[in-house]
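Visitor: In our numbering, the protein residues as written are 21 to 320.
Cβ coordinates follow ideal geometry from the N, Cα and C atoms, glycine included.
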């Protein structure tokens with residue numbers, strides 16, 4: 021698969037993650053976190069099971085993976101959500117969300133450690149601009165950091181480090197089929213069920229909209245998104261994907277406005293300009309590199 025195509029596929033994840041806030045809002049925040057985790061990742065696994073069934077197979081062949089692959093896959097998916105729940109329980113949502121959403125910037129920086137990858141100034145500048153726009157959306161000028169929430173901030177920092185590491189290290193396992201992510205989802209759902217049974221009381225949805233939100237989460241931001249992200253980080257331009265990931269909070273805010281759940285403000289416009297500018301800077305640099313390589317190949 022060409023890098024350009026894989027990057028486009030990876031970008032689908034960002035669009036789907038932009039729907040996360042709206043679909044979560046539809047659940048009315050009544051479903052306990054680990055129960056919601058279990059339900060959505062089970063749906064993601066069933067989605068992959070359907071894919072295998074349509075191809076006339078069980079998917080069992082994708083189970084034959086070395087231990088490091090399982091630790092990375094299930095550990096990345098489950099531990100990210102675990103620490104995110106801890107962060108929200110011990111710090112205000114705005115600050116916790118901002119720290120947790122440092123993962124796109126960390127992806128851009130950590131990608132320099134990958135074989136054959138080269139981190140350029142345009143990538144850093146673009147990611148920082150986009151991060152600034154994302155910070156404006158998440159903080160909204162209403163909150164401030166406080167030492168009393170240190171535990172929550174540390175958990176949110178762990179989130180950003182876990183997901184960025186998962187994304188970057190997945191590229192080192194590019195030979196592992198994307199279908200294996202279906203089994204990662206199954207393992208994550210199982211761990212979520214154990215935590216739910218230990219720490220939570222089951223609460224079933226009472227309204228149709230809540231079920232729509234849960235199913236939407238399981239099929240979109242959790243199901244398809246993790247599959248397309250796997251393709252993107254393994255075979256696409258990982259620096260550009262890291263920068264584009266800051267568009268997710270923007271998409272989320274725009275959808276909330278369209279649904280009447282939020283209002284448009286001048287802050288939104290500025291944030292939009294920063295995110296678009298950052299993505300454009302990283303993208304233009306990428307395009308120039310491709311043009312230079314084509315010319316070099318034509319001359320040789």
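Could you round the C-beta distance between residue 181 and residue 126 to whole angstroms and report it? I think they count as a contact, below 8 Å.
Guide: Position 161 of the chain shown, counted from the start, is the residue given in the question as residue 181. Position 106 of the chain shown, counted from the start, is the residue given in the question as residue 126. Confirmed, about 7 Å.
Visitor: Between residue 145 and residue 266, what straight-line distance do the alpha-carbon atoms span, to the nearest angstrom?
Guide: The residue you call residue 145 lines up with position 125 of the chain shown. The residue you call residue 266 lines up with position 246 of the chain shown. Computed Cα separation, rounded: 13 Å.
Visitor: Taking the CB atoms as reference points, tell me whether residue 243 and residue 67 lie closer together than 8 Å.
Guide: By one-based count along the chain shown, residue 243 stands at place 223. By one-based count along the chain shown, residue 67 stands at place 47. Contact flag set, yes.
Visitor: How many angstroms separate the CA atom of residue 224 from the CA atom of residue 245?
Guide: Taking the first residue of the chain shown as 1, we reach residue 224 at position 204. Taking the first residue of the chain shown as 1, we reach residue 245 at position 225. Approximately 25 Å, taken between the alpha carbons.
Visitor: Return yes when the Cβ of residue 34 is within less than 8 Å of the Cβ of residue 154, no when it is not.
Guide: On the chain shown, residue 154 is found 134 positions in, with the first residue counted as 1. On the chain shown, residue 34 is found 14 positions in, with the first residue counted as 1. No, the Cβ-Cβ distance between residue 154 and residue 34 is not below 8 Å.
Visitor: For my contact list, residue 143 and residue 263 are in at a C-beta cut-off of 8 Å; report their separation, rounded to the angstrom.
Guide: Stepping through the chain shown from its first residue, residue 143 is reached at position 123. Stepping through the chain shown from its first residue, residue 263 is reached at position 243. At roughly 7 Å, the Cβ-Cβ gap stays under 8 Å, so residue 143 and residue 263 are in contact.
Visitor: According to DSSP, simplified to helix, strand and coil, what is residue 180?
Guide: Position 160 of the chain shown holds residue 180. The answer is helix: DSSP assigns residue 180 an H, G or I state.
Visitor: Would you call residue 25 buried or exposed, if buried means 16 or more other Cβ atoms sit within 10 Å of its Cβ?
Guide: Position 5 of the chain shown, counted from the first residue, corresponds to residue 25. Exposed, by the Cβ-count rule.
Visitor: Which one of 276, 216, 94 and 236 has the shortest CA to CA distance from residue 190?
Guide: Counting from one through the chain shown, the residue named residue 190 turns up at place 170. Of 276, 216, 94 and 236, the residue nearest in Cα terms is 94.
Visitor: In three-state DSSP terms, what is residue 224?
Guide: Within the chain shown, numbered from 1, the residue matching residue 224 stands at position 204. Of the three classes helix, strand and coil, the one that applies to residue 224 here is coil, per DSSP.
Visitor: Determine the contact status of residue 41 and residue 276, defining contact as a CB-CB distance below 8 Å.
Guide: In the chain shown, the residue the question calls residue 41 occupies position 21. In the chain shown, the residue the question calls residue 276 occupies position 256. Yes.
Visitor: Which class does residue 120 belong to by DSSP, given the choice of helix, strand or coil?
Guide: Residue mapping note: residue 120 aligns to position 100 of the chain shown, counting from 1. Helix at residue 120.
Visitor: What is the residue span of the alpha helix (DSSP H) that residue 96 lies within?
Guide: Indexing the chain shown from 1 puts residue 96 at position 76. Here the alpha helix (DSSP H) through residue 96 covers 87-110.
Visitor: If you count every other CB in all the chains shown that lies within 10 Å of the CB of residue 250, and 16 or more means buried, which is it?
Guide: Numbered from 1 along the chain shown, position 230 holds the residue referred to as residue 250. That one is buried.
Visitor: For chain C, is any of its Cβ atoms less than 8 Å away from the one on residue 36?
Guide: Among the chains of the structure shown, chain C does not appear; only one protein chain is present.
Visitor: Using the C-alpha atoms, what's the distance from residue 183 back to residue 79?
Guide: The sequence position of residue 79 within the chain shown is 59, counting from 1. The sequence position of residue 183 within the chain shown is 163, counting from 1. Taking the straight line joining both Cα atoms gives about 25 Å.
Visitor: Check whether the Cβ atoms of residue 97 and residue 204 sit closer than 8 Å, and answer yes or no.
Guide: Position 77 of the chain shown holds residue 97. Position 184 of the chain shown holds residue 204. Cβ atoms of residue 97 and residue 204: closer than 8 Å.
Visitor: Should residue 270 and residue 157 be called a contact, given that it needs their Cβ atoms to be closer than 8 Å?
Guide: The residue given as residue 270 occupies position 250 in the chain shown. The residue given as residue 157 occupies position 137 in the chain shown. Contact flag set, yes.
Visitor: Which first and last residues belong to the alpha helix (DSSP H) in which residue 278 is found?
Guide: Position 258 of the chain shown, counting from 1, holds the residue named residue 278. 267-278 is the span of the alpha helix (DSSP H), which, as asked, contains residue 278.
Visitor: Pick out whichever of 131, 53 and 139 has its Cα sitting closest to the Cα of residue 107.
Guide: Here the question's residue 107 lines up with position 87 in the chain shown. Looking at the Cα atoms, 53 is the closest of the given residues.
Visitor: Residue 45 by DSSP, collapsed to three states: which one?
Guide: Position 25 of the chain shown holds residue 45. Of the three classes helix, strand and coil, the one that applies to residue 45 here is helix, per DSSP.
Visitor: Note down the Cα distance separating residue 335 from residue 150, rounded to an integer number of angstroms.
Guide: Outside the displayed span of the chain (21 to 320) sits residue 335, for which this structure offers no information.
Visitor: Less than 8 Å between C-beta atoms, sequence neighbours within five positions excluded: which residues of the same chain meet that for residue 221?
Guide: As a first step, residue 221 must be located in the chain shown, where it is residue number 201. Excluding sequence neighbours, residue 221 sits near 52.
Visitor: So, using beta-carbon positions, are residue 134 and residue 201 closer together than 8 Å?
Guide: For this step, residue 134 is matched to residue 114 along the chain shown. For this step, residue 201 is matched to residue 181 along the chain shown. Taking 8 Å as the Cβ cut-off, residue 134 and residue 201 do not qualify as a contacting pair.
Visitor: Rounded to the nearest angstrom, how far is the Cβ of residue 37 from that of residue 206, given a contact under 8 Å?
Guide: Taking the first residue of the chain shown as 1, we reach residue 37 at position 17. Taking the first residue of the chain shown as 1, we reach residue 206 at position 186. Actually they are not in contact, since the Cβ atoms of residue 37 and residue 206 sit about 21 Å apart, beyond 8 Å.
Visitor: Label residue 57 either buried or exposed according to how many other C-beta atoms from any shown protein chain fall within 10 Å of its C-beta, with 16 as the threshold for buried.
Guide: Taking the first residue of the chain shown as 1, we reach residue 57 at position 37. The residue in question, residue 57, is buried, as its Cβ has 16 or more Cβ neighbours within 10 Å.
Visitor: Buried or exposed: residue 197, going by 16 or more other Cβ atoms within 10 Å of its Cβ?
Guide: One-based indexing of the chain shown puts residue 197 at position 177. It is exposed - the Cβ of residue 197 has fewer than 16 other Cβ atoms within 10 Å.
Visitor: Go ahead and pull the three-state DSSP assignment for residue 50.
Guide: As a working note, residue 50 is residue 30 in the chain shown. Reduced to three states, the DSSP call for residue 50 is coil.
Visitor: Can you list, in chain order, the residues of its chain whose CB lies under 6 Å from that of residue 272, leaving out five sequence neighbours each side?
Guide: For this step, residue 272 is matched to residue 252 along the chain shown. Cβ within range, chain order: 38 and 41.
Visitor: Measure the CB-CB distance between residue 302 and residue 255 and report whether it falls below 8 Å.
Guide: Sequence index remark: in the chain shown, residue 302 carries index 282 (1-based). Sequence index remark: in the chain shown, residue 255 carries index 235 (1-based). In this structure, residue 255 does not lie closer than 8 Å to residue 302 by Cβ.
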